[in-house]
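Residue numbers (our numbering): 12 to 238.
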């Protein structure tokens, strides 16, 4: 027992802060110029959701599902596997989340929550969605991380998890709780990793995680069937 108590969380990490940040730089170099294309598509879907287009909820979940499939097929078994042997396992989990979101998009009568009856959760969900889809790369400017290593939606898991939780907060139905499990677990793992590495992004990760839990769990207003 005494031997185990002498270990800290940092002893179980297989990489340093420099290696962790360098991973994102190399990943961006590998995939350039895919990033602006992905952000452009994400911005179009975001605007459709903001306008309340009837097809936007389905399009959003398909986009989120495709993003997880891309991360499970490229990021985790690639650059992440090079610094953490769990990369292949995370790839399988990311693939599962991608399939789940796409199935959810075509399951039943999917609809966005009514903004007039759910103002708080709708507003919070849209802010988190903007953060995950578009604004997350700007976090590197605020924390002093290498700008070339900016984390981009559908390229890396953190902004994708945030956007996924935001998207699930904006749709109705109890299945959102099931689909939210993997993104929540990933953001918890990310926060623990950043805290162990001593990186400033941990505060943002914890804040995003807390607001995402609130947005997903917040009760939906019950529609009145009478006049």
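Glycine included, every Cβ here is placed at the ideal spot set by N, Cα and C.
Nearest CA to the CA of residue 251: which residue from 86, 45, 123, 106?
-> In the structure displayed, the chain extends from 12 to 238; residue 251 sits before or after that span and is not available.
List the whole-angstrom C-beta distance separating residue 158 from residue 54, where the pair is believed to meet the contact cut-off of C-beta under 8 Å.
-> About 20 Å separates the two Cβ atoms, so there is no contact after all.
Contact under 9 Å by Cβ, residue 30 with residue 160 | Against a cut-off of 9 Å, the Cβ pair of residue 160 and residue 30 comes out as no contact.
Nearest to residue 33 by CA position, among 226, 93, 178, is which residue?
-> Looking at 226, 93, 178, the one whose alpha-carbon comes closest to that of residue 33 is 93.
Taking buried to mean at least 16 other C-beta atoms within 10 Å of its own C-beta, is residue 219 buried or exposed?
-> Around the Cβ of residue 219, a 10 Å sphere holds 16 or more other Cβ atoms; the residue is buried.
N- and C-terminal bounds of the alpha helix (DSSP H) containing residue 66 | Segment: none, residue 66 is in no alpha helix (DSSP H) and carries neither H nor E.
Nearest-angstrom Cα separation, counted from residue 121 out to residue 64 = Residue 64 and residue 121: Cα-Cα distance of roughly 13 Å.
Residues bridged to residue 123 [DSSP beta-bridge criterion] | For residue 123, which the question treats as bridged, DSSP gives the partners 182.
Output yes or no for whether 9 Å exceeds the beta carbon distance between residue 25 and residue 129.
-> Contact flag unset, no.
Starting from the Cα of residue 179, find the closest Cα among 104, 75, 56, 59 and give me that residue.
-> It is 75.
Residue environment, residue 154, which counts as buried when at least 16 other CB atoms sit within 10 Å = With fewer than 16 other Cβ atoms from the protein chains shown falling within 10 Å of its own Cβ, residue 154 counts as exposed.
According to DSSP, is residue 130 helix, strand or coil?
-> Annotated three-state conformation of residue 130 is helix, per DSSP.
In terms of alpha-carbon separation, which member of 141, 228, 196 lies closest to residue 174?
-> Among 141, 228, 196, the Cα nearest to that of residue 174 belongs to 141.
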